[in-house]
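Notes follow the structure.
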Amino acid sequence: MRQSKPLLLFLIILLNVGIFNLKAFARKLFLGEVQVAADTTITASGLQAVGFDTSIFSRLDERIAAGNYGLLHSLLVVYNNKLVVEKYYNKWEEKRIHDIQSATKSIASALIGIAIDKKFIRSVNEKLPALLPGYDFRKEDSLKKSIRLKDLLTMSPGFAWDETTSYKEKGNSLTDMYASNINWLDYILTQNMTDKPGMRFNYNSGASILLGAILKAKTGMTVEKFAEKFLFESLGIGKYHWSEYFGMAHCGGGLYLSSRDMAKIGNLFLNKGRFNGNPIISSRWVRDSFVPRFGVSNKIYYGYQWWMIGSVFDFEPIVYAAGNGWQFIIVIKEFNTVIITTGNNYVEQDPKTTLSQHELIYSVLACNPAFRAKINRIFNDDKQVETRNFYEILLMAQALNSQGEYARAVKYLKPVEVKYKNDLRFCYLVGEAYHYTGNNEKAGIYLENCVRLCNEKKFPEAGYLRMANDLLAL
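Residue numbers (this note's numbering): 12 to 485.
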């Protein structure tokens, strides 16, 4: 565990009152100048100082506190290199480091990029025998020997590996590896091959763990030492923990960081690998990391250990590191924004919410006047709602509701009602819009249907269920 100097927190409460009681809101949100470590570009200012709509954020904050996003521990928003939101929930504290789970993978990818920049590794086209010279590949088939570094980075090495089942059950490859008591490098590299490398995405924490083994083999340093020397020290990250097994750092999910230090990582990538004007990672690596290499599901793609939401409407893709439990580093280049969350929404637990990180992302963006202006322009220009992807339809409705444009949300959703009337998200958004336009009769129909669909899907503590019941009770 590395210890950092205590961060000094200076809180200046803004005294001016806007459209609501700002003093009361300030008790729930850090407003004013927050001094962070002197070697970071992340300095804090209030939402109002950067033109964000505090009333929209206040509503989001209330929903988080009510548990509609499950058990969040932190929400940080960096805008134009300024920390404009820093909130902690469920008794979490700023100085505590948090397990970031599989968001570790994206940081391991960054370290690979640095190793290539510094000529420890020749290129992403190097193959396993050259990357792991200490491992005996003579017994392995030619297909396994042909695995390139880029195949590991894109989760497409071709191994027989299954992480689609519960991590509590046998048959999940990562769980089985944990239980095997076999050296992880041997366990991963002796898996059978099911595909030609580079042909198929298959979520594989083993591939990420191999990145750590490669870093150690090619640099002669432990992953922790390499990260400290070439990344963490440059960002002023002094307090962290990296779990280690069989002499290997767990690059699939073993890193612990504070939320502020996660924000530094996000800001580094937002600024094309530069921090305080200094190059830490080459801009080329940042660009290559964010190229969508494989389509995973509707609008979701995978790059070099980074996820991305593909273009919706004409927005630029949103890139994010993701870890089980709601550990997110979200980089939104178009709006110069980084969003950080940590939480306790682990998939092994009973579902706490149906609200996703996507709803959170767009709820935060709804505070931004530039985002609202773009949404309104798209709404005014959109003549073919029926041809839109359902993801885009939900995004538009949520954005309009967030802005208080309820009548416009109804207008946008009605043309696709027949197609999506049994989707609980659609029902909630229409019901919410009707409720706030004063049409309680129609609102009740949609909200009751939302409750029914939530119960049928067995989400008794779901965010939509709670919010629908709250509106029905008014």
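Ideal Cβ positions, reconstructed from N, Cα and C, are used throughout, including at glycine.
Spatially closest choice to Pro144 from Ser254, Ile108, Ala224, by CA coordinates: Ala224
DSSP state of Gly217 mapped onto helix, strand, coil: helix
Met210, buried or exposed, once every other Cβ within 10 Å from all chains shown has been counted against 16: exposed
His252 beta carbon less than 8 Å from that of Ile220: no
Beta-carbon contacts of Tyr214 that lie in its chain and below 7 Å, excluding the five residues immediately before and after: Met166, Glu174
Sub-8 Å separation of Ile127 and Ser134 beta-carbons: yes
Length at least 3, wholly inside the stretch 304-332: the beta strand (DSSP E) runs in chain order: 305-308, 311-313, 318-320
Cross-strand partners of Lys138 (DSSP beta bridge): Arg159
Nearest candidate by alpha-carbon position, reference Ser153, set Ser117, Leu196, Asp206: Asp206
Boundaries of the alpha helix (DSSP H) in which Phe390 is found, first to last residue: 380-392
For Phe280 and Asn387, the rounded distance between their alpha carbons: 29 Å
Pair within 8 Å by beta-carbon distance, Leu185 and Met259: no
Same chain, Cβ closer than 7 Å to Thr230, neighbours up to 5 away in sequence not counted: Ala126, Phe131, Phe237
Assigned secondary structure, Met232 (DSSP; H/G/I helix, E/B strand, else coil): coil
Under the three-state DSSP convention, the category Pro208 falls into: coil
Status (buried if at least 16 other CB within 10 Å, exposed otherwise) for Tyr331: buried
Within 8 Å, strictly: CB atoms of Phe324 and Glu403: yes
Helix, strand or coil at His369 [DSSP, three-state]: helix
Cβ shell of Trp318 (< 6 Å), same chain only, five flanking positions each side left out: Tyr331, Ala333
Proximal residues to Val95 (C-beta, below 8 Å), its chain only, five neighbours per side dropped: Ala55, Ser56, Gly57, Leu58, Ala60, Val61, Phe63, Val88, Val89
Cutoff 6 Å; reference Met273; Cβ partners in own chain excluding five residues on either side: Ile340, Ile351
Reference Asp110; option with closest CA among Glu235, Gly336, Glu180, Gly284: Gly336
Span of the alpha helix (DSSP H), counted from its first residue to its last, around Ile10: Residue 10 is absent from the structure shown; the chain starts at 12 and stops at 485.
Neighbourhood of Arg419 by C-beta, 7 Å cutoff - its chain only, sequence neighbours within 5 removed: Phe390, Leu411
Minimum C-alpha distance to Asp434 - residue among Leu406, Tyr357, Cys465: Cys465
Close Cβ partners of Leu268 (< 6 Å) along its chain, the five nearest in sequence each way excluded: Ile108, Ile111, Tyr251
Backbone secondary structure at Gly43 - three-state DSSP: Residue placement at Gly43 cannot be trusted, given a pLDDT of 36 that sits under 50; what the coordinates show is reported in the next sentence. Coil at Gly43, not helix or strand.
Assigned secondary structure, Gly415 (DSSP; H/G/I helix, E/B strand, else coil): coil
Beta-carbon separation (whole angstroms), Leu122 vs Leu266, contact threshold 8 Å: Incorrect: roughly 11 Å between the Cβ atoms, too far for contact.
Distance, Phe346 Cα to Phe382 Cα: 7 Å
Contact under 8 Å by Cβ, Ser413 with Ala377: yes
For Ser300 and Gly263, the rounded distance between their alpha carbons: 17 Å
Residue range of the unbroken beta strand (DSSP E) whose run includes Ile343: 338-343
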